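In the working numbering, the protein residues as written are 69 to 543.
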């Protein structure tokens with residue numbers, strides 16, 4: 069079931085009404101949310117519900133064993149229980165998402181070397197959202213093993229945490245330490261929370277329908293045949309894709325966060341104006357925050373982080389970004405995209421991220437200093453956005469060869485052919501970014517607020533086009 073479907077428009081209010089009819093029973097609310105979440109996910113393919121149940125039961129049981137063995141001082145057994153959950157869930161994720169990719173890559177490598185290899189391909193259908201709920205299950209047992217949280221005894225509450233439908237398919241990737249207490253606590257209806265949720269959902273739908281869905285056909289046309297496109301057109305396409313993927317993914321996050329508000333549940337913000345970042349590290353503090361923090365806490369720091377010297381810090385950074393790229397999809401383009409961002413991190417790590425501060429400190433007069441800092445900050449933001457757009461070419465291209473063609477033509481074949489493409493969508497994208505950056509407040513007068521709501525709804529109806537699947541559903 070997709071957020072931008074008629075089915076969801078009927079599904080959400082029914083669940084909302086039933087949920088608050090059970091306001092006197094916390095367990096009843098959790099049971100309803102769990103059943104609704106399984107219906108929501110099973111709408112695509114009910115057979116994949118078995119994978120969510122497997123992940124849920126594995127993490128729930130292993131965490132109880134981890135906590136038990138820790139209490140009796142058997143840390144080795146506790147580690148074994150934690151590893152058992154990691155192996156099972158990473159194994160399932162690897163089988164469905166990566167087996168065919170690595171098997172095909174191995175076969176191609178052997179053929180290139182003049183050797184014969186014929187690893188069979190399974191052609192398994194990728195379950196929607198498997199990377200997201202698997203990472204939640206992994207972080208849960210790791211946190212219990214570290215002693216950061218206690219193992220959950222209530223299976224219903226824990227299963228609801230894993231399968232909570234607003235963020236089940238494309239995040240945010242939530243930590244058990246934040247979510248489980250919310251499912252354990254009683255919830256009471258708040259009209260203010262409900263209004264906040266509806267407002268957040270409306271804005272998410274505007275981003276998806278007005279910006280993302282209208283960028284999609286232009287981007288598809290440009291990248292379908294890059295050999296026939298000029299360099300400026302390909303650059304224009306990468307900029308449009310930057311707006312498309314942001315409006316699509318952050319729009320999904322807004323709808324998820326708003327939907328959770330309707331049930332008295334708080335989800336984490338996943339984006340904080342990433343295209344206004346002044347450096348690549350700043351961009352990753354603002355983009356897909358839940359995934360970035362997950363890799364930091366559960367991969368980068370355990371590898372040694374920045375505590376093992378500069379060379380090890382560089383290696384850890386590049387390795388983690390490459391793994392992050394692989395998380396996005398079974399394609400070498402995603403690995404290269406992550407590797408590219410890892411390399412962009414290295415100059416900042418070497419300089420310590422103080423370059424902008426040095427520019428400010430050398431100014432003798434405050435007004436001049438602030439003016440130079442503002443100009444320098446704008447330049448940094450534009451440069452960062454350009455570097456990110458170059459990376460999006462790797463992300464968007466279907467294979468490495470096509471990505472190379474796009475990048476080569478962007479450098480060698482610049483022209484004005486992009487003028488033939490529709491540019492009206494840029495206006496909506498820029499207005500979207502401006503509204504989010506300045507966080508424009510809604511007027512206090514009720515009739516003015518409702519006028520804005522109706523204006524946004526009319527804008528969606530006016531710009532509505534063929535709906536495209538949320539990009540991050542494939543991950």
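In this text, a Cβ means the ideal position worked out from N, Cα and C, and glycines have one as well. What you are looking at is a predicted structure, and each value in this text was computed from that prediction instead of being measured.
- Residue nearest to residue 316 within the set 180, 479, 283 is 283 (criterion: CA-CA distance).
- Membership of residue 76 in the alpha helix (DSSP H) is indicated by the continuous run 74-89.
- When the Cα atoms are used, residue 85 and residue 323 turn out to be separated by approximately 18 Å.
- Distance check between residue 166 and each of 497, 396, 335, 473 places 396 closest, using alpha-carbon atoms only.
- Under the three-pair Cβ rule at 8 Å, the region 202-220 counts as touching the region 133-149.
- The three-state secondary structure of residue 261, taken from DSSP, is helix.
- If only uninterrupted alpha helix (DSSP H) runs of at least 4 residues are considered, those enclosed by the region 327-377 are 348-354, 357-363.
- For residue 465, there is no enclosing alpha helix (DSSP H), as DSSP gives it neither H nor E.
- With the rule of 3 Cβ pairs closer than 8 Å, the region 243-258 counts as touching the region 86-97.
- In the three-state reduction of the DSSP assignment, residue 242 falls in the coil class.
- Under the three-pair Cβ rule at 8 Å, the region 324-340 does not count as touching the region 512-521.
- Counting the other Cβ atoms within 10 Å of the Cβ of residue 332 gives 16 or more, which makes it buried.
- Ranking 180, 156, 164, 189 by CA distance to the CA of residue 172 puts 189 first.
- If you ignore the 5 residues before and after residue 463, its C-beta comes within less than 6 Å of the C-beta of 405, all in its own chain and listed in chain order.
- Residue nearest to residue 120 within the set 378, 245, 232 is 232 (criterion: CA-CA distance).
- Relative to the Cα of residue 384, the nearest Cα in the group 394, 392, 372 belongs to 372.
- The region 71-84 makes no contact with the region 192-206, as fewer than three CB pairs between them are under 8 Å.
- Of the residues 296, 225, 83, the one whose Cα lies closest to the Cα of residue 128 is 225.
- At the C-beta level, residue 480 and residue 239 stay beyond 8 Å of one another.
- Contact between residue 286 and residue 539 fails: their C-beta atoms lie close to 15 Å from each other, not under 8 Å.
- Within the model, the alpha-carbon separation for residue 304 versus residue 255 is close to 48 Å.
- An exposed status is given to residue 180, since fewer than 16 other beta-carbon atoms sit within 10 Å of its beta-carbon.
- Contact check for residue 528 and residue 279: beta-carbon distance about 11 Å, past the 8 Å limit, so the pair fails to qualify.
- In this structure, the alpha-carbon of residue 158 lies about 16 Å from that of residue 118.
- In chain order, 279, 311 place their CB closer than 6 Å to the CB of residue 497, counting only its own chain and leaving out the 5 sequence neighbours on each side.
- Closest by C-alpha distance to residue 185, out of 126, 386, 176, 356, is 176.
- Around the beta carbon of residue 257, fewer than 16 other beta carbons lie within 10 angstroms, which makes this residue exposed.
- Annotation for residue 140: no alpha helix (DSSP H) segment contains it, and DSSP assigns it neither H nor E.
- Taking a contact as a CB-CB distance under 8 Å, the pair residue 459 and residue 409 counts as one, their CB atoms being some 6 Å apart.
- Look at residue 311 here: in three-state DSSP terms it is helix.
- In the displayed model, residue 69 falls within coil according to three-state DSSP, outside both helix and strand.
- In the displayed model, residue 204 falls within a helix according to three-state DSSP.
- When the beta-carbon positions are compared, residue 306 and residue 457 come within less than 8 Å of each other.
- Put simply, the backbone Cα of residue 197 is about 36 Å away from that of residue 418.
- The alpha carbon of residue 245 has as its nearest neighbour, out of 281, 260, 207, 236, the alpha carbon of 207.
- Taken through DSSP and simplified to helix, strand or coil, residue 217 comes out as coil.
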